[in-house]
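Enquirer: The opening position of the sequence shown corresponds to residue 1 in full-length UniProt numbering, with each subsequent residue numbered one higher. The beta carbon of each residue, even a glycine, is placed where N, CA and C say it ideally should be. Please find one structure pasted underneath; my questions will follow.
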Amino acid sequence: NPINENYRFDPSFDEQYFDIGCLGRAQWHVRLLINGKYVKFKVDTGAEVNVIPLNVLRSVSPSYLTTIMPCTQVLVGFGGFKIYPAGKIELIVDYQGKSFSLVFLVVDSPHVNPILSCSTCEKLDLLERKFVETTSSRAVIRSVPVPDLETFVNTNIDVFSGVGCFPDVLTLQLKPGAIPKSCPARRVPFKLLDRLKLRLDELESLQIIEKCEAGEWVNNLVIVEKHKTGDLRLCIDPQQLNKFLVRDYVLIPTVEELTSQLAKKKLFCVFDLKDGFYQVKLDQASSKLCSFSSPFGVYRFLRAPFGLSVLPEYFQKMTTKIFGGIEGVSVYFDDLLCAAETEVELWGIVNKVVDAARKNSVVLNPKKVQFFVRSVRFLGLNFDESGIQPDKDRIKAIMELENPSSRKDLMRILGTVNYLRSFIPKLSELVVPFRSLLKKDVEWGWSDFLSGELQKLKEAIANHALLTPFDPSKPITIHADSSQYAMGCALMQEGNPVIYASRSLTETEQNYAQIEKELLSVVFAFQKFHNFVYGHSGVTVCSDHNPLTTIISKDLHKITNNRLRRLRLKLLPYTFSLNYLAGKNMHIADLLSRNCHPTKSEVDISMFDMVHVVSTSNELSPPITSKLQLATSTDSNLQQVFQFYLKGWPKCPPTSNDELRHYWSLKNDITVCKGLVYLNDCVIVPVSMRQETLGLLHETHLSLTKMKDQARTAFYWPGMMSDLQNLVLACSICNKFQRNKIKNPLQSHNIPEIPFYKVAADIADLDGKSFLVLVDFYSRWIEVEPIPNKSAGAIINALKPIFGRFGIPTVFFSDNVPFNSYEFRQFATSWNFILMTSSPHYPRSNGLAEKAVGIAKSMLLKSKENNVDFNLYLLNYRNSCVANLPYSPAQLIQSRRLNTKLPSTLANLKPSAVSDPLVTSKLGQAGMYNKTARIHEHTFAVGDPVYIRNPTSHRWEKGVIRENLDNRSHIVQIGNSFYRRTSQFIRPDRGSGVFAKCPVLPSHDFPIEDTPGEPLVTPRTGTDPSALPGSASCQQEWAGWTELGGTPHGPNSMLSSTGSAHTPAPTGRFTRYGREIVVPKRLDL
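Structure representation (structure tokens):
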């Protein structure tokens, strides 16, 4: 540092105080030549000394830094704040061809401009001093009498009463891709219905609203009931609409422009528009966007409703158009500032404003008029006859900081200093006296010397804020925080503090919950900084209370806490975003909220207003509310949540309580109102009331989806959806009338590599006749043989000629009747082929045969209709290509094309063997089928309690798995009877343990019935049914059970899993008709 290192300011020196005037007045500059370089100086008639910043001096010549001399002068800035110079220097300056030797005080601050004092200006002939004798200016200059405010308002009562209307019409423009939102009418408390109807009629008579039909945009109606008068204020919740509105770009006056207009003025008047938003008329299309639903129908606003984001720019545009041409009037949104040097001049301006308002049907607010005052505060500046001074309220919160009473309080102050060290030069030197108190081994003790050093520290911080002008073109960041007893906030731009504010909480506010205090601090910040943030589109609010981020983003009707709703309504005129910032990074707001000078604040009466409608969509009946309140008061976890809500949530989740840990993760959405705890707009049900709540939800046995929809709109508790699901799964009524299962993933037949190795058969009935239809899996060759009846003997007689032509197949697949008869099984044994049957009531497992039956029936009908031989139909079909294959059944089974009535060459009829893997593949078949199938297939274990679908009544009945067969086929027990069913007809019983621990019966210990539709048989002779494991409980559980139709079957113990041709041996069990029960191997697809 080239400055004389031996110089340090010594407070023991005799201090000389000099006023450097007002840096905020209208600026007048002059350029002086120093060392061959021009320096721009500000002419300030209120300054007593010349000032030059250190950085300017360095840019002129670095050698000047070594010639700086020590000084004992102290500069007094705005509001009496002291600035200690780095020294003084004598410089030679040239101006208009003359050289002058001037003394400057050097200030080490980038926020101070070069200044010429009043005496120097006279020395350079920049000023001429004149003395004018005056008497009382009020008696001399007044030529017309100025009435008092009450007389003035009564004289112009037409301008101060009624509802105004701007001459222009506002058109709301939506952004591309805007998503309309239509909200249904909410319930309104009965006591408000009559008053609401009267208020709607009143607004309709004033042509502010009118009735209309519901359109794409229907907003929620918000009703605010005034605490003392009971008057109703109606508005809409515009948050959804504001997201898609296009904001107009209007030139907002800067601080410099306003100060140049208000400089040297002695008298002021301030006017404000009355119900400004109601004076904005909407066009037809825009009016439909602002419609709202009510119990009396849908209305739309003809005037702009409260809270539209585009109104500030429109106010600026219209007020500038109407009043901006009047000399002496400054327009800032909906505020009009009139300024003049004399009463006569100001009276003329006021009359012009009143005339312009009357001409354009604009109504002014008589309650907010400042009439012929000698000073006004605006945008952080104080305007009066002495000039422009920074508003001391900007730094009042800093200057009123109290002395710390503990090491923690001191650390909080020094944390703020550390945050500001990059903005205020040499600030770190001012904290040296305090560092020793931060040591743990030093006893805490505060002294008068430290109080003096703290005062210097506060002055340095305050002076920096006063010398930092507000710039409307820059983004705004607001830090807001609340402690138990006070609130603090700071308006910042580019990290630089501009304005500080704080106040104590009233006794009523101290009883608020912590989230309410935090939101109150945000409202306090916006009200305090209204002139800075209103209409500004780049405002970001930082809070260390994370739940606020959710509250701010919610629609009003989703905020259950009435106090939070009232506070949120106060923020509707502002456009901002709220972000979470950890408390350790909010140094200034945290300090101001915990070190606040006690103040007396008036109680905000509007906080007692009641906000209706928006909270009544899920309003509980009084009896249920009372029961929930009583149960909540005795629920330990919810009481702990209640305390967290009031005093603040802990930073870390509780580790010993899972339910509290769950609530901690949802803390951003939890509120408390009227003794109940809410998650969003759902009441959290205490443990003692959950079973009763489940019973109410399930009283009419609605589907699980519908019950979940009902529950999630009104109630919440951890695991509620799982409890509902378990309730439905355990409900016997719901299970009995359950719908069909979603189909399982496809399990296809294997296609053999040779013809006629595996065939499928079924019976077709047409016009009273029966036909045996047989199809080959490999070639899709179809044989159709008429049969006299459906007996096993008729089937055998039809099959023998076919087997004689094509050979005996290895696997014969069919359904059960009559192919599962004893006679047909004997035929299968004697002809040496494997008989496999599908599961009862599941024909899709024999899908190829079912498809062949359909083809055969179609050809038979067509043959009968046009009198063409059916064999010709079969010939042409067998000679046509199979679907998705380039080969016909004839080519696949005989390796040649058949000669038909169509002309053909010998080359086409020559034999040609087909060897193509495409024939045995099923590309894409499973993928298409499984698109609508369940993803995971349930597997059943022996002994599992299940529900079995009755194919006759289509109801689900309880049972138990007794044996697992191949290919999704199972033996199930229902009561004392046993059936074979595919897994498509079986669902797990997740709500009952009746059969869960039943011992598994051996396969030879239970009877199996083989006749369709017959009653179930009892155990074989000598066996007591009650001795069967689990039979007693089954009989008791299933008394009055309706028996399943179909064909029950026993376990398959006759065929190996590899499908050998071994013929099943008799089991020694018989049906009541004397037939021996022999179970062949089944294939359930």
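What does a CB cutoff of less than 8 Å around Ala582 pick up in its chain, not counting 5 residues either side in sequence?
Expert: The residue labelled residue 582 in the question sits at position 582 within the sequence shown. Asp544.
Enquirer: Whose CA, out of Leu697, Leu906, Val376, Ser405, lies closest to the CA of Val728?
Expert: Your numbering for residue 728 matches position 728 in the sequence shown. When each option's Cα is compared against that of Val728, the closest is Leu697.
Enquirer: Indicate whether the contact test is met: 3 or more Cβ pairs, each with one atom in the segment 792-801 and one in the segment 816-825, closer than 8 Å.
Expert: yes
Enquirer: Tell me whether Asn879 counts as near the ligand ZN, meaning its Cβ is closer than 7 Å to at least one heavy atom of that ligand.
Expert: This structure lacks the ligand ZN; in fact it carries no ligand of any kind.
Enquirer: Compute the distance between the beta-carbons of Arg878 and Ser888, then report whether it is under 8 Å.
Expert: Numbered from its first residue, the sequence shown carries residue 878 at position 878. Numbered from its first residue, the sequence shown carries residue 888 at position 888. Contact: yes.
Enquirer: How many Å lie between Pro547 and Ala460 at the Cα?
Expert: Taking the sequence shown and counting its residues from 1, one reaches residue 547 at position 547. Taking the sequence shown and counting its residues from 1, one reaches residue 460 at position 460. Roughly 35 Å between the two C-alpha positions.
Enquirer: How far does the alpha helix (DSSP H) with Val310 in it reach, from first residue to last?
Expert: Position 310 of the sequence shown, counted from the first residue, corresponds to residue 310. No alpha helix (DSSP H) contains Val310, which DSSP labels as neither H nor E.
Enquirer: From Gly297, Glu90, Ser483, Asp275, pick the residue whose C-alpha is nearest to that of Ser593; which is it?
Expert: One-based indexing of the sequence shown puts residue 593 at position 593. Comparing Cα-Cα distances from Ser593 to each of Gly297, Glu90, Ser483, Asp275, the minimum goes to Ser483.
Enquirer: Could you tell me if Cys596 is buried or exposed, where buried requires 16 or more neighbouring beta carbons within 10 angstroms of its beta carbon?
Expert: Looking up residue 596 in the sequence shown gives position 596. With 16 or more other Cβ atoms within 10 Å, it is buried.
Enquirer: Quick check: the Cα distance between Ser688 and Leu694, rounded to an integer number of angstroms?
Expert: For the purposes of this step, residue 688 is taken as residue 688 along the sequence shown, with counting starting at 1. For the purposes of this step, residue 694 is taken as residue 694 along the sequence shown, with counting starting at 1. Going from the Cα of Ser688 to the Cα of Leu694 covers about 11 Å.
Enquirer: Specify, as a first and last residue, the run of the beta strand (DSSP E) that residue 1089 falls within.
Expert: Residue coverage of the chain in this structure runs from 1 to 1085, which leaves residue 1089 outside it and unanswerable.
Enquirer: Just to confirm my understanding: we take Ala1039, look at its own chain, exclude 5 residues before and 5 after, and list those with CB closer than 6 Å. What are they?
Expert: As a working note, residue 1039 is residue 1039 in the sequence shown. Because Ala1039 sits at a pLDDT of 29, beneath the cut-off of 50, its placement in the model cannot be relied upon, and the following sentence gives the value as read from the coordinates. Once the five neighbours on either side are set aside, Ala1039 has no close Cβ partner at all.
Enquirer: Could you name the residues that DSSP lists as bridge partners for Ala828?
Expert: Counting from one through the sequence shown, the residue named residue 828 turns up at place 828. Partner(s): none; Ala828 has no beta bridge.
Enquirer: What's the call for Lys958, buried or exposed, on a 16-neighbour Cβ count within 10 Å?
Expert: Translated into positions along the sequence shown, residue 958 becomes position 958. By the neighbour-count criterion, in which a residue is buried when 16 or more other Cβ atoms sit within 10 angstroms of its Cβ, Lys958 is buried.
Enquirer: In the DSSP assignment, find the alpha helix (DSSP H) that holds Ser61 and state where it starts and stops.
Expert: Stepping through the sequence shown from its first residue, residue 61 is reached at position 61. Looking at the DSSP string, Ser61 is not in any alpha helix (DSSP H), and its letter there is neither H nor E.
Enquirer: Please report the distance separating the alpha-carbon of Tyr332 from that of Tyr38.
Expert: Position 332 of the sequence shown, counting from 1, holds the residue named residue 332. Position 38 of the sequence shown, counting from 1, holds the residue named residue 38. Approximately 37 Å, taken between the alpha carbons.
Enquirer: Quick one: residues in its chain with C-beta nearer than 6 Å to the C-beta of Phe383, no 5 flanking neighbours on either side, listed in chain order?
Expert: Mapped onto the sequence shown, residue 383 falls at position 383. Sequence-distant partners of Phe383 (beyond 5 residues in either direction) whose C-beta falls short of 6 Å from its own C-beta, in its chain, are Leu262, Val376.
Enquirer: Output the residue ranges of the alpha helix (DSSP H) runs that lie fully inside the segment 886-947 and measure 4 residues or longer, sorted by chain position.
Expert: 889-894, 906-909, 925-929
Enquirer: For Ser405, which residues from the same chain have a beta carbon less than 8 Å from its beta carbon, with the 5 sequence-adjacent residues on both sides left out?
Expert: The sequence position of residue 405 within the sequence shown is 405, counting from 1. Here the set comprises Trp446.
Enquirer: Starting from the Cα of Pro145, find the closest Cα among Val539, Gln510, Trp347, Pro788 and give me that residue.
Expert: Reading the sequence shown from its first residue, position 145 is the one you call residue 145. Of Val539, Gln510, Trp347, Pro788, the residue nearest in Cα terms is Trp347.
Enquirer: Between which residues of its own chain and Phe160 is the CB-CB distance below 6 Å, once the five residues before and five after are set aside?
Expert: The residue given as residue 160 occupies position 160 in the sequence shown. For Phe160, where only same-chain residues beyond five positions count, the Cβ hits under 6 Å are Val153, Leu364, Pro366.
Enquirer: For Cys183, I'd like the list of residues in its chain whose CB is within less than 7 Å of its CB, leaving aside the five on either flank, ordered along the chain.
Expert: In the sequence shown, the residue the question calls residue 183 occupies position 183. Apart from the 5 residues on each side of it in sequence, Cys183 sits with its Cβ closer than 7 Å to the Cβ of Val218, Asn219, Asn220, Ser293 in its chain, given in chain order.
Enquirer: Is Phe268 buried or exposed, if buried means 16 or more other CB atoms sit within 10 Å of its CB?
Expert: What you label residue 268 is simply residue 268 of the sequence shown in a count that begins at 1. Its Cβ being crowded by 16 or more others within 10 Å, Phe268 is buried.
Enquirer: Measuring CB atoms only, is the segment 295-315 touching the segment 229-238, in the sense that at least three cross pairs come out at less than 8 Å?
Expert: yes
Enquirer: Helix, strand or coil, according to DSSP, for Tyr574 in the structure here?
Expert: Against the sequence shown, residue 574 aligns to sequence position 574. The answer is coil: DSSP assigns Tyr574 none of H, G, I, E or B.
Enquirer: Over the uninterrupted alpha helix (DSSP H) stretch that includes Cys734, give me the two end residues.
Expert: By one-based count along the sequence shown, residue 734 stands at place 734. The continuous alpha helix (DSSP H) containing Cys734 extends over residues 732-736.
Enquirer: For Phe100, tell me which candidate among Val106, Val107, Ile92 has the shortest Cα-Cα distance.
Expert: Your numbering for residue 100 matches position 100 in the sequence shown. The shortest C-alpha separation from Phe100 is found at Ile92.
Enquirer: Find the nearest neighbour of Asp201 within the set Tyr299, Ile115, Glu345, judged by alpha-carbon distance.
Expert: Stepping through the sequence shown from its first residue, residue 201 is reached at position 201. Measuring from the Cα of Asp201, the nearest candidate turns out to be Tyr299.
Enquirer: Going by DSSP, which residues form a beta bridge with Phe963?
Expert: Sequence index remark: in the sequence shown, residue 963 carries index 963 (1-based). A small correction: the amino acid at residue 963 is Glu; Phe does not occupy that position in the sequence shown. The partner list for Glu963 (beta bridge, DSSP) reads Ile971.
Enquirer: Sorted by chain position, which residues of the same chain lie with C-beta nearer than 6 Å to residue 1092's C-beta, five sequence neighbours on each side aside?
Expert: It is not possible to answer for residue 1092, since the shown part of the chain is limited to 1 through 1085.
Enquirer: Are Tyr64 and Leu57 close, meaning C-beta to C-beta below 8 Å?
Expert: The residue given as residue 64 occupies position 64 in the sequence shown. The residue given as residue 57 occupies position 57 in the sequence shown. Yes. Within cutoff.
Enquirer: Looking only at C-alpha atoms, which of Leu892, Cys881, Lys931, Gln984 sits nearest to Ala913?
Expert: To locate residue 913, count along the sequence shown from 1; it is residue 913. Selected option, being the one with the closest Cα: Leu892.
Enquirer: Unbroken beta strand (DSSP E) runs of length 3 or more, entirely within the segment 800-886: which are they?
Expert: 811-814, 834-837
Enquirer: Based on DSSP bridge pairs, tell me the residues matched to Lys40.
Expert: Sequence index remark: in the sequence shown, residue 40 carries index 40 (1-based). Answer is Arg31.
Enquirer: Inspect the CB distances between the segment 516-536 and the segment 573-581 and report whether three or more fall short of 8 Å.
Expert: Yes, since at least three Cβ pairs between the segment 516-536 and the segment 573-581 fall closer than 8 Å, the two stretches touch.
Enquirer: Determine the burial state of Met928: buried for a count of at least 16 other Cβ atoms within 10 Å of its Cβ, exposed for fewer.
Expert: Counting from 1 along the sequence shown, the entry for residue 928 is found at position 928. With fewer than 16 other Cβ atoms within 10 Å, it is exposed.
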